[in-house]
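Everything below concerns the one structure shown next.
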Amino acid sequence: QENSSLRRSKENFVSNNPDCYPLQKMIQLKFCLIFTILLVCAEGRVDNDEFNPRKFISEAQSATSVRLSWQAANKSDSSPQHYVIACPNTAQFIFRTTQTYIIINYLQPGTTYWCILHSVSASGYCYQPGVAINARTLDAGPETLE
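Every position in the sequence shown, counted from 1, becomes a number in my numbering once 854 is added.
And the structure:
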């Protein structure tokens, strides 16, 4: 009995306290975002391998840049073939190219970045599942500290 009345008083405090409104909105936003991500990912479409790039390679160029390269997909409905690379922890986040390589700059020394590569159809669809890689920059040395 005491636990349920204590719980109700806490719920009333949160729902009736204007200072808690930002917290409630943030919780609702997080739930909405998580639900949206799960809903989008739940589509589960997997395209044929012939539409996905192959042999995704990462090479550290310096303490602040990496070079990503790959072999083109066997099939494409666009010419030239278009690619989208998503690297969530970089400043730009999304990179687009028609080349089979890209150099990503302005990274942090000695840091690993997760990136995913998709070939893109003429209508803008990113073929699934894409190809993922971890790309790491070189550690900072005396020459990068100047």
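Quick reminder that beta carbons are idealized off the backbone N, C-alpha and C, glycines included.
Predicted, not measured: the structure shown is a model, and the values here were computed from it.
Using a Cβ-Cβ cutoff of less than 8 Å, which residues in the same chain neighbour residue i once the five nearest sequence positions on both sides are dropped?
| i | result |
| --- | --- |
| Arg990 | Ser912, Ala914, Val920, Gly964, Thr965, Thr966, Tyr967 |
| Thr952 | Pro934, Gln935, His936, Tyr937 |
| Asp993 | Ala917, Pro963, Gly964 |
Please report the Cβ distance between residue i and residue j, rounded to the nearest whole angstrom; I am assuming they are in contact, meaning their Cβ atoms lie under 8 Å.
| i | j | result |
| --- | --- | --- |
| Ile970 | Ala940 | 5 Å |
I'd like the list of long-range same chain contacts for residue i, defined as Cβ closer than 7 Å, with 5 residues on each side in sequence excluded.
| i | result |
| --- | --- |
| Ile948 | Val938, Ala940 |
| Gly961 | Checking the sequence, you will find Leu at residue 961 rather than Gly. Taken in chain order, the residues that qualify are Thr918, Ser919, Val920, Thr944, Tyr967, Thr991. |
| Gly984 | Asn906, Ile970, Leu971, His972 |
Note down, in chain order, each residue of its chain lying with its Cβ closer than 6 Å to the Cβ of residue i, except the 5 sequence neighbours on either side.
| i | result |
| --- | --- |
| Glu904 | Asn928, Lys929 |
**Request:** Report the residue ranges of all beta strand (DSSP E) runs contained in full by the region 935–961; include only those spanning at least 3 residues, in chain order.
**Result:** For the region 935–961, whole beta strand (DSSP E) runs of length 3 or above, ordered along the chain, are 936–940, 948–951, 955–958.
**Asked** So does the region 902–912 actually touch the region 923–940, counting three or more Cβ pairs closer than 8 Å?
**Response** Flag = yes, the region 902–912 and the region 923–940 touch.
**Request:** Starting from the N-terminal side, write out each stretch of the beta strand (DSSP E) that is 3 residues or longer and does not extend beyond the region 960–986.
**Result:** Secondary structure remark: continuous beta strand (DSSP E) runs of at least 3 residues inside the region 960–986, in chain order: 966–974.
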